[in-house]
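What follows is a short report on a single structure.
Numbering (the numbering used here), first residue to last: 9 to 270.
This is the structure:
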(Lines of atoms letter the chains of each structure in order from A and count residues from 1; the text may use other names and numbers.)
(Lines give C-alpha, C1' and ligand atoms only; values in the text may rest on other atoms or scores of the structure.)
Protein backbone atom coordinates (compact mmCIF):
# COMPACT_ATOMS: atom_id res chain seq x y z
CA UNK A 1 0.00 0.00 0.00
CA UNK A 2 1.08 3.58 -0.58
CA UNK A 3 3.05 5.62 1.94
CA UNK A 4 0.31 8.22 2.47
CA UNK A 5 -2.24 5.58 3.47
CA UNK A 6 0.01 4.03 6.10
CA UNK A 7 0.59 7.43 7.71
CA UNK A 8 -3.10 8.34 7.90
CA UNK A 9 -4.87 8.40 11.28
CA UNK A 10 -6.80 5.18 11.86
CA UNK A 11 -10.27 6.75 11.31
CA UNK A 12 -9.23 8.16 7.93
CA UNK A 13 -7.50 4.91 7.00
CA UNK A 14 -10.71 3.04 7.89
CA UNK A 15 -12.74 5.44 5.75
CA UNK A 16 -10.50 4.86 2.72
CA UNK A 17 -10.33 1.08 3.08
CA UNK A 18 -14.03 0.56 3.84
CA UNK A 19 -15.02 2.96 1.07
CA UNK A 20 -12.88 1.15 -1.50
CA UNK A 21 -14.08 -2.28 -0.39
CA UNK A 22 -17.76 -1.29 -0.44
CA UNK A 23 -17.27 0.29 -3.86
CA UNK A 24 -15.73 -2.95 -5.12
CA UNK A 25 -18.67 -4.92 -3.71
CA UNK A 26 -21.15 -2.50 -5.30
CA UNK A 27 -19.49 -2.83 -8.72
CA UNK A 28 -19.57 -6.64 -8.48
CA UNK A 29 -23.22 -6.55 -7.36
CA UNK A 30 -24.17 -4.26 -10.26
CA UNK A 31 -22.29 -6.46 -12.76
CA UNK A 32 -24.05 -9.60 -11.50
CA UNK A 33 -27.42 -7.81 -11.65
CA UNK A 34 -26.79 -6.84 -15.27
CA UNK A 35 -25.67 -10.31 -16.31
CA UNK A 36 -28.32 -12.28 -14.36
CA UNK A 37 -31.19 -11.77 -16.78
CA UNK A 38 -34.13 -14.15 -16.82
CA UNK A 39 -32.46 -16.34 -19.43
CA UNK A 40 -29.15 -16.57 -17.62
CA UNK A 41 -30.40 -16.59 -14.03
CA UNK A 42 -31.03 -20.34 -14.05
CA UNK A 43 -27.52 -21.06 -15.34
CA UNK A 44 -25.91 -18.75 -12.81
CA UNK A 45 -28.05 -20.15 -10.02
CA UNK A 46 -26.64 -23.57 -10.82
CA UNK A 47 -23.33 -22.53 -9.32
CA UNK A 48 -22.92 -24.61 -6.17
CA UNK A 49 -23.23 -22.75 -2.86
CA UNK A 50 -20.57 -25.18 -1.63
CA UNK A 51 -17.99 -22.91 -3.25
CA UNK A 52 -18.61 -20.18 -0.67
CA UNK A 53 -17.05 -21.96 2.35
CA UNK A 54 -14.01 -22.93 0.26
CA UNK A 55 -13.47 -19.38 -0.98
CA UNK A 56 -13.99 -18.04 2.53
CA UNK A 57 -11.44 -20.46 3.97
CA UNK A 58 -8.87 -19.53 1.31
CA UNK A 59 -9.42 -15.83 2.06
CA UNK A 60 -9.03 -16.54 5.78
CA UNK A 61 -5.73 -18.32 5.13
CA UNK A 62 -4.49 -15.35 3.09
CA UNK A 63 -5.36 -13.05 5.99
CA UNK A 64 -3.68 -15.35 8.53
CA UNK A 65 -0.44 -15.66 6.53
CA UNK A 66 -0.27 -11.90 5.94
CA UNK A 67 -1.10 -11.07 9.55
CA UNK A 68 1.58 -13.49 10.80
CA UNK A 69 4.23 -11.47 8.95
CA UNK A 70 2.87 -8.19 10.32
CA UNK A 71 2.74 -9.41 13.94
CA UNK A 72 6.25 -10.84 13.62
CA UNK A 73 7.65 -7.54 12.30
CA UNK A 74 5.91 -5.61 15.07
CA UNK A 75 7.30 -7.90 17.77
CA UNK A 76 10.83 -7.67 16.35
CA UNK A 77 10.63 -3.88 16.15
CA UNK A 78 9.43 -3.56 19.73
CA UNK A 79 12.13 -5.94 20.95
CA UNK A 80 14.84 -4.01 19.07
CA UNK A 81 13.79 -0.67 20.58
CA UNK A 82 13.64 -2.18 24.08
CA UNK A 83 17.06 -3.79 23.66
CA UNK A 84 18.53 -0.53 22.37
CA UNK A 85 17.11 1.42 25.30
CA UNK A 86 18.35 -1.19 27.79
CA UNK A 87 21.87 -1.11 26.34
CA UNK A 88 22.04 2.68 26.41
CA UNK A 89 20.72 2.72 29.97
CA UNK A 90 23.47 0.32 31.00
CA UNK A 91 26.09 2.52 29.36
CA UNK A 92 24.79 5.61 31.16
CA UNK A 93 24.76 3.86 34.53
CA UNK A 94 28.23 2.40 34.05
CA UNK A 95 29.56 5.83 33.08
CA UNK A 96 29.54 6.69 36.80
CA UNK A 97 32.67 4.55 37.08
CA UNK A 98 34.61 6.78 34.65
CA UNK A 99 36.51 9.98 35.43
CA UNK A 100 34.19 12.99 35.76
CA UNK A 101 35.18 14.57 32.43
CA UNK A 102 34.72 11.38 30.44
CA UNK A 103 31.47 10.57 32.23
CA UNK A 104 30.03 13.98 31.30
CA UNK A 105 31.19 13.61 27.72
CA UNK A 106 29.74 10.11 27.38
CA UNK A 107 26.40 11.15 28.83
CA UNK A 108 26.28 14.09 26.42
CA UNK A 109 26.97 11.85 23.42
CA UNK A 110 24.27 9.37 24.47
CA UNK A 111 21.87 12.29 24.88
CA UNK A 112 22.73 13.58 21.40
CA UNK A 113 22.25 10.12 19.90
CA UNK A 114 18.85 9.65 21.51
CA UNK A 115 17.73 13.09 20.39
CA UNK A 116 18.82 12.39 16.82
CA UNK A 117 17.09 9.00 16.82
CA UNK A 118 13.82 10.46 18.14
CA UNK A 119 13.64 13.58 15.97
CA UNK A 120 15.38 12.49 12.76
CA UNK A 121 15.48 8.71 12.42
CA UNK A 122 11.93 8.01 13.60
CA UNK A 123 10.23 10.20 10.94
CA UNK A 124 12.55 8.72 8.31
CA UNK A 125 11.67 5.19 9.43
CA UNK A 126 7.98 6.06 9.09
CA UNK A 127 8.61 6.77 5.40
CA UNK A 128 11.15 3.92 4.99
CA UNK A 129 13.91 6.38 4.11
CA UNK A 130 16.53 5.59 6.76
CA UNK A 131 19.66 3.69 5.70
CA UNK A 132 22.17 1.46 7.44
CA UNK A 133 25.01 3.03 5.48
CA UNK A 134 25.13 6.03 7.83
CA UNK A 135 26.53 5.38 11.31
CA UNK A 136 25.17 7.75 13.98
CA UNK A 137 28.09 10.12 14.72
CA UNK A 138 27.27 10.54 18.42
CA UNK A 139 27.23 6.82 19.16
CA UNK A 140 30.36 6.21 17.07
CA UNK A 141 32.14 9.01 18.94
CA UNK A 142 31.00 7.58 22.27
CA UNK A 143 32.43 4.19 21.36
CA UNK A 144 35.72 5.77 20.25
CA UNK A 145 35.87 7.77 23.48
CA UNK A 146 35.58 4.68 25.66
CA UNK A 147 37.94 2.58 23.55
CA UNK A 148 40.63 5.29 23.66
CA UNK A 149 40.36 5.62 27.44
CA UNK A 150 43.29 4.48 29.56
CA UNK A 151 41.76 2.72 32.58
CA UNK A 152 43.17 3.38 36.01
CA UNK A 153 42.98 0.10 37.87
CA UNK A 154 40.93 -3.04 37.48
CA UNK A 155 37.64 -1.35 38.30
CA UNK A 156 37.83 1.11 35.42
CA UNK A 157 39.04 -1.62 33.11
CA UNK A 158 35.90 -3.64 33.89
CA UNK A 159 33.71 -0.55 33.42
CA UNK A 160 35.38 0.19 30.07
CA UNK A 161 34.78 -3.34 28.84
CA UNK A 162 31.12 -3.32 29.92
CA UNK A 163 30.42 0.10 28.37
CA UNK A 164 31.96 -0.99 25.06
CA UNK A 165 29.75 -4.11 25.08
CA UNK A 166 26.67 -2.01 25.88
CA UNK A 167 27.37 0.48 23.09
CA UNK A 168 27.97 -2.32 20.60
CA UNK A 169 24.68 -3.90 21.68
CA UNK A 170 22.94 -0.55 21.12
CA UNK A 171 24.41 -0.32 17.62
CA UNK A 172 23.25 -3.85 16.82
CA UNK A 173 19.76 -3.10 18.15
CA UNK A 174 19.64 0.05 16.01
CA UNK A 175 20.53 -2.02 12.94
CA UNK A 176 17.70 -4.42 13.73
CA UNK A 177 15.31 -1.51 14.26
CA UNK A 178 16.15 -0.02 10.86
CA UNK A 179 15.93 -3.37 9.08
CA UNK A 180 12.45 -3.98 10.51
CA UNK A 181 11.38 -0.45 9.56
CA UNK A 182 11.98 -1.35 5.90
CA UNK A 183 9.72 -4.41 6.11
CA UNK A 184 6.16 -4.23 4.77
CA UNK A 185 3.51 -6.37 3.12
CA UNK A 186 4.38 -6.25 -0.58
CA UNK A 187 1.96 -5.28 -3.33
CA UNK A 188 1.63 -8.86 -4.61
CA UNK A 189 0.17 -9.99 -1.27
CA UNK A 190 -2.24 -7.05 -1.18
CA UNK A 191 -3.43 -7.75 -4.74
CA UNK A 192 -3.87 -11.46 -4.00
CA UNK A 193 -5.78 -10.68 -0.81
CA UNK A 194 -8.20 -8.36 -2.57
CA UNK A 195 -8.49 -10.63 -5.61
CA UNK A 196 -9.51 -13.53 -3.39
CA UNK A 197 -11.99 -11.28 -1.62
CA UNK A 198 -13.42 -10.17 -4.97
CA UNK A 199 -13.80 -13.81 -6.06
CA UNK A 200 -15.73 -14.61 -2.89
CA UNK A 201 -17.96 -11.55 -3.40
CA UNK A 202 -18.61 -12.59 -6.98
CA UNK A 203 -19.53 -16.11 -5.90
CA UNK A 204 -21.93 -14.74 -3.27
CA UNK A 205 -23.54 -12.51 -5.87
CA UNK A 206 -23.96 -15.36 -8.36
CA UNK A 207 -25.39 -17.77 -5.80
CA UNK A 208 -27.95 -15.14 -4.73
CA UNK A 209 -28.59 -13.76 -8.20
CA UNK A 210 -32.32 -14.49 -7.94
CA UNK A 211 -32.62 -12.67 -4.62
CA UNK A 212 -31.24 -9.14 -4.95
CA UNK A 213 -31.87 -8.10 -1.36
CA UNK A 214 -30.42 -11.28 0.12
CA UNK A 215 -27.41 -11.04 -2.19
CA UNK A 216 -26.80 -7.38 -1.26
CA UNK A 217 -26.93 -8.16 2.46
CA UNK A 218 -24.61 -11.17 2.12
CA UNK A 219 -22.12 -9.26 -0.02
CA UNK A 220 -22.26 -6.30 2.36
CA UNK A 221 -21.48 -8.52 5.34
CA UNK A 222 -18.57 -10.23 3.60
CA UNK A 223 -17.24 -6.88 2.32
CA UNK A 224 -17.27 -5.61 5.90
CA UNK A 225 -15.20 -8.62 6.94
CA UNK A 226 -12.74 -8.01 4.10
CA UNK A 227 -12.39 -4.32 4.96
CA UNK A 228 -11.94 -5.06 8.66
CA UNK A 229 -9.19 -7.60 7.94
CA UNK A 230 -7.41 -5.22 5.56
CA UNK A 231 -7.66 -2.34 8.05
CA UNK A 232 -6.24 -4.47 10.85
CA UNK A 233 -3.26 -5.50 8.72
CA UNK A 234 -2.66 -2.08 7.15
CA UNK A 235 -2.75 -0.28 10.51
CA UNK A 236 0.06 -2.54 11.81
CA UNK A 237 1.87 -3.15 8.52
CA UNK A 238 4.74 -0.74 9.18
CA UNK A 239 5.83 -0.84 12.83
CA UNK A 240 7.10 2.76 12.84
CA UNK A 241 4.41 4.40 10.67
CA UNK A 242 0.89 5.55 11.36
CA UNK A 243 -1.14 6.27 14.45
CA UNK A 244 -0.55 2.75 15.81
CA UNK A 245 3.22 2.64 15.78
CA UNK A 246 6.22 2.12 18.02
CA UNK A 247 7.39 5.41 19.52
CA UNK A 248 10.84 6.34 20.90
CA UNK A 249 9.61 6.71 24.50
CA UNK A 250 11.86 3.88 25.82
CA UNK A 251 14.88 5.81 24.55
CA UNK A 252 13.65 9.20 25.74
CA UNK A 253 13.09 7.85 29.24
CA UNK A 254 16.87 7.41 29.54
CA UNK A 255 17.54 11.09 28.76
CA UNK A 256 14.21 12.97 29.02
CA UNK A 257 15.76 16.22 27.78
CA UNK A 258 17.22 14.64 24.61
CA UNK A 259 14.28 15.42 22.33
CA UNK A 260 13.99 18.99 23.60
CA UNK A 261 17.68 19.61 23.00
CA UNK A 262 17.42 18.52 19.38
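Beta carbons are placed, not taken as given, at the ideal position from N, Cα and C, and that holds for glycine.
Since the structure is predicted, the reported quantities are computational estimates derived from the model, not experimental observations.
Checklist line | Euclidean distance between Cα positions of residue 160 and residue 170 | finding: 15 Å
Check: Taking Cβ positions, are residue 156 and residue 262 nearer each other than 8 Å?
Finding: no
Note to self: With a threshold of 8 Å, are at least 3 pairs of Cβ atoms found where one atom belongs to the segment 179–194 and the other to the segment 25–37?
What the structure shows: no
Next item on the list: Using the Cα positions of residue 175 and residue 99, report the straight-line distance between them to the nearest angstrom.
Entry: 7 Å
Checklist line | Supposed close pair residue 201, residue 70 - CB separation, criterion 8 Å | finding: 5 Å
Item checked: Candidates 191, 229, 177, of which the one nearest residue 95 by Cα -> 177
Notebook entry, point to check: What residues in its chain sit with their C-beta under 6 Å from that of residue 190, if we drop five residues either side in the sequence?
Noted result: 136
Item checked: residue 251 in three-state terms, based on DSSP -> coil
Margin query: When you compare the segment 97–116 with the segment 137–157, are there three or more beta-carbon pairs, one atom per stretch, that lie closer than 8 Å?
Written below: yes
Notebook entry, point to check: On the three-state DSSP scale, how would you describe residue 193?
Noted result: coil
Note to self: For residue 4, which residues in the same chain have their Cβ closer than 7 Å to its Cβ, ignoring the five residues on either side in sequence?
What the structure shows: An answer regarding residue 4 cannot be provided, because it is not within the stretch 9 to 270 covered by the chain.
Checklist line | Nearest-angstrom Cα separation, counted from residue 18 out to residue 61 | finding: 31 Å
Checklist line | Cut-off 7 Å between Cβ atoms - residues of its own chain near residue 230, not counting five sequence neighbours on either side | finding: 208, 209, 212
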